[in-house]
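Taking it in order: structure first as structure tokens, then the write-up.
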Amino acid sequence: TTIYHTFVALCYLTPILGAIVADSWLGKFKTIVYLSIVYALGQVIMAVSAIHDITDTNRDGTPDNMTFHVALSMVGLVLIALGTGGIKPCVAAFGGDQFEDHQEKQRSTFFSIFYLSINAGSLLSTVITPILRAQECGIHVPQKCYPLAFGVPAALMVVALIVFIVGSGMYNKTAPQGNILVKVCKCIGFAIKNRFQHRSPQYPKRSHWMDWAEEKYDKLLIAQVKMVLKVLFLYIPLPMFWALFDQQGSRWTLQATTMDGDFVSVLCSLSSHQTVNPILILILVPIMDSVIYPLISKCKLNFSPLKRMTVGMFLAALAFVAAGLVQIQIDQTLPQFPSDTVSQAKFINMLDRKLPIRAGANNFTLDPFTSNGDYLNFEDSFQLNVNYSNNFVLSLSEGNRSTVVIIQDGPTPRPLTVSTTARLGLNPTERTFFLSAPRHFILYVSYIHARGTSVALIAVFLVRAAYRIKDNAGKECLYTQSLGFGSSYTLIIKPTFQFGQNCTESIQPVMDISPNSFHMAWQIPQYFLITAGEVVFSVTGLEFSYSQAPSNMKSVLQAGWLLTVAVGNIIVLIVAEAATLSEQWAEYILFASLLILVCIIFAFMAYFYTYIDPTKIEAQFAHNDDDEKKRKSVEMVRKDSFQNHNKNRRSSDSNFDENKFKNSRL
22 TTIYHTFVAL CYLTPILGAI VADSWLGKFK TIVYLSIVYA LGQVIMAVSA
72 IHDITDTNRD GTPDNMTFHV ALSMVGLVLI ALGTGGIKPC VAAFGGDQFE
122 DHQEKQRSTF FSIFYLSINA GSLLSTVITP ILRAQECGIH VPQKCYPLAF
172 GVPAALMVVA LIVFIVGSGM YNKTAPQGNI LVKVCKCIGF AIKNRFQHRS
222 PQYPKRSHWM DWAEEKYDKL LIAQVKMVLK VLFLYIPLPM FWALFDQQGS
272 RWTLQATTMD GDFVSVLCSL SSHQTVNPIL ILILVPIMDS VIYPLISKCK
322 LNFSPLKRMT VGMFLAALAF VAAGLVQIQI DQTLPQFPSD TVSQAKFINM
372 LDRKLPIRAG ANNFTLDPFT SNGDYLNFED SFQLNVNYSN NFVLSLSEGN
422 RSTVVIIQDG PTPRPLTVST TARLGLNPTE RTFFLSAPRH FILYVSYIHA
472 RGTSVALIAV FLVRAAYRIK DNAGKECLYT QSLGFGSSYT LIIKPTFQFG
522 QNCTESIQPV MDISPNSFHM AWQIPQYFLI TAGEVVFSVT GLEFSYSQAP
572 SNMKSVLQAG WLLTVAVGNI IVLIVAEAAT LSEQWAEYIL FASLLILVCI
622 IFAFMAYFYT YIDPTKIEAQ FAHNDDDEKK RKSVEMVRKD SFQNHNKNRR
672 SSDSNFDENK FKNSRL
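Counting in the working numbering, the final residue of the sequence shown is number 687, and the numbers go up one at a time with none missing.
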């Protein structure tokens, strides 16, 4: 978990570095090329780190130097984070640079297609990468082919980079304009310092606090800084949206593991839970651009970018309200697991006769090869009485579930305790075999296969598992068991077990945890709402960040937009730790309430925001600078003319005086 969140944080913090390099030094095109090479190199290193045969000297399929592979994979992840983070702000801004000022509609369409392409790639990777990983490869021992799963994306990245470079001649490349970020920081610092030094009432006020930098910096730079600060101020509430959005990969995934995932086969094969978001984006982006927005425009409604973003935040809040309602229904179907101070136990009779049992204050009778049903709770050690005559004191592990198996030990039965960690299992294939009586041969029980799909984070939806039981003589018995999503079973092999056609009749399943009953399809509304909010919020935000940024700081502002994603992830950690809510549905409602509050604040801020055209403002200042230069040039000419006139006059007067002096001498 630490490695994953550190990697994500790096991916959304490094855009600042990429933006500085692009706008100040290399330009967007070269930055994309160079950091894409770093990106591809990181992917290649990841693929190499997954090749076990590099250090597998004894050819057992396990690396002999695991530290080498881990270190290599960490280097690969760092390079990938640097590459992907560095090009994130440059790609969107570079695409926007390809359009003229009058092509606002086409530029808006580009940002929609750009976002569409990102999610199309996400969908393909979610489907294809697990298929590649499932292939077997290896020089000595065939196993899951992680090198192929990492290597194919690396190869595709190299191909994409080559295609991008080939089109170099067709691009509109904006030249970098020096270390603009340093200039901006110095300008802001000087304005604050100068304002503090002239805080006395005797100094006249200025229209904006940045105007206090006019003594040192030109008005164009000050105007550009004002544009950036206006947008960055609007960014302050935005991380709360991403705090909710990014929980699709954490909280919502965990919620899905407690639901019934018996989808239709096509959805199963696509790992429905992980692909719902990109599939909905591919559907909703064209609908929004081609139907919803034009319809709103025809209704003469002013659906400005900031209003769209406000609606997107509201939709995300509704998604978490829906998630909370789903969680309430799930909680009613879940088994009650023990707390940290309570232990739970289930009792299984492995004898071929009925056994009366008294466990603490609980009295019941077990039929042959059956269990008592649900788990019983015990807060302390308890006395177990078997068949009214045999007493045992049992002390079970607190916070865990245990299975107490009653077996025949000589003339008297005795308990055998098997402890299992109490958890809501993601994998429904947990199973325990108990052999009921000593035999003259050894049974080997092996798990063969599960007919299901293993994709992304959701392991198995609905499977029919197969087990092979065999002895030393080579006799076999094939047993199959249907396993519902989230279920857990204990399988008992009876003493009447014999190899043959009817061998499975002597195997008795005992259900420990019933399959999840609340269907995963109930998550679709919350996914629809969060995806609709993402389309309205994120696509619009990318376009807004570009359109309101000055020409020399478009990548920097895109990086600021991406930085809100990193801050949103930090908010999740802070709120989740500080809230300490025992109920998951309450945490969902808390996040929804916080986003609605932030949504109201953002709507209030957006109401007072004035849209600008940075190109016109920069052109106006450039024109004023030209007029100023012309004025200074004219003044310089006049000054030179006046000086020449005075010089000629003084020269003429001097000649006159000299002639007069000569005449006087004569």
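All C-beta atoms in this analysis are idealised placements derived from N, C-alpha and C, irrespective of residue type, glycine included. Note that the coordinates shown come from a computational prediction; the quantities given were computed from them, not determined experimentally.
Asked, Found
"Sequence-distant residues of the same chain with beta carbon closer than 6 Å to P258, five excluded per side", "V619, I622 and F623"
"Rounded separation between K226 and Q544 - CA only", "56 Å"
"Pair within 8 Å by beta-carbon distance, I313 and N140", "no"
"Distance, F262 Cα to Y136 Cα", "17 Å"
"Secondary structure of R374, DSSP reduced to three states", "coil"
"DSSP-derived helix/strand/coil call for P225", "coil"
"Helix, strand or coil at T635 according to DSSP, with G and I counted as helix", "For the sequence presented, residue 635 should be read as Pro rather than Thr. Three-state DSSP puts P635 in a helix."
"DSSP beta-bridge partners of F399", "S364"
"Cβ-based burial, M87 [other Cβ within 10 Å; buried from 16]", "exposed"
"Where the alpha helix (DSSP H) containing R140 begins and where it ends", "Looking at the sequence provided, one finds Asn at residue 140 rather than Arg. Per DSSP, N140 belongs to the alpha helix (DSSP H) from E125 to A155."
"8 Å CB neighbourhood of N75 in its chain, flanking five on each side removed", "The residue asked about is misnamed: residue 75 is Ile in this sequence, not Asn. Closer than 8 Å at Cβ, skipping near neighbours: V69, P84, F89 and H90."
"For R379, the residue or residues it bridges with in DSSP", "N384 and N406"
"Through-space distance from K165 to N370, alpha-carbon basis", "40 Å"
"Contacting residues, own chain, Cβ-Cβ under 8 Å from T362 (five flanking each side not counted)", "E400, E419 and G420"
"Euclidean distance between Cα positions of V297 and S508", "24 Å"
"Simplified DSSP assignment, three categories, for F50", "helix"
"Close-in-space but distant-in-sequence residues of the same chain around L182 (CB under 8 Å, 5 per side omitted)", "V54, S57, I58 and A61"
"Endpoints, alpha helix (DSSP H) assigned at R329", "P326 to D352"
"Beta-bridge pairing of C158 - partner residues as DSSP gives them", "Q164"
"R272: first and last residue of the uninterrupted alpha helix (DSSP H) it sits in", "R272 to T278"
"Within 8 Å, strictly: CB atoms of A366 and V426", "no"
"Beta-carbon separation (whole angstroms), F115 vs F50, contact threshold 8 Å", "7 Å"
"V69: CB within 7 Å of a non-hydrogen atom of the ligand PLP", "With respect to small molecules bound, the structure shown includes none, and the ligand PLP cannot be examined in it."
"S603 in three-state terms, based on DSSP", "coil"
"DSSP state of Y238 mapped onto helix, strand, coil", "coil"
"Distance CB(D373)-CB(M541) smaller than 8 Å", "no"
"Spatially closest choice to T631 from M248, I428, G554 and L31, by CA coordinates", "M248"
"DSSP beta-bridge partners of A14", "Coverage of the chain is limited to positions 22 through 687, which leaves residue 14 absent and any answer about it impossible."
"DSSP-derived helix/strand/coil call for Q218", "helix"
"Helix, strand or coil at L483 [DSSP, three-state]", "Unreliable placement is indicated for L483, whose pLDDT of 44 sits below 50; the coordinate value is still reported in the next sentence. Note: L483 maps to coil in three-state DSSP."
"Which of helix, strand or coil DSSP assigns to Q268", "helix"
"Continuous alpha helix (DSSP H) stretch holding T88: start and end", "M87 to G117"
"Simplified DSSP assignment, three categories, for P260", "helix"
"Exposed unless 16 or more other CB atoms sit within 10 angstroms - verdict on S129", "buried"
"Opening and closing residue of the beta strand (DSSP E) in which S423 lies", "R422 to D430"
"Cα-Cα separation, Y548 to L339", "10 Å"
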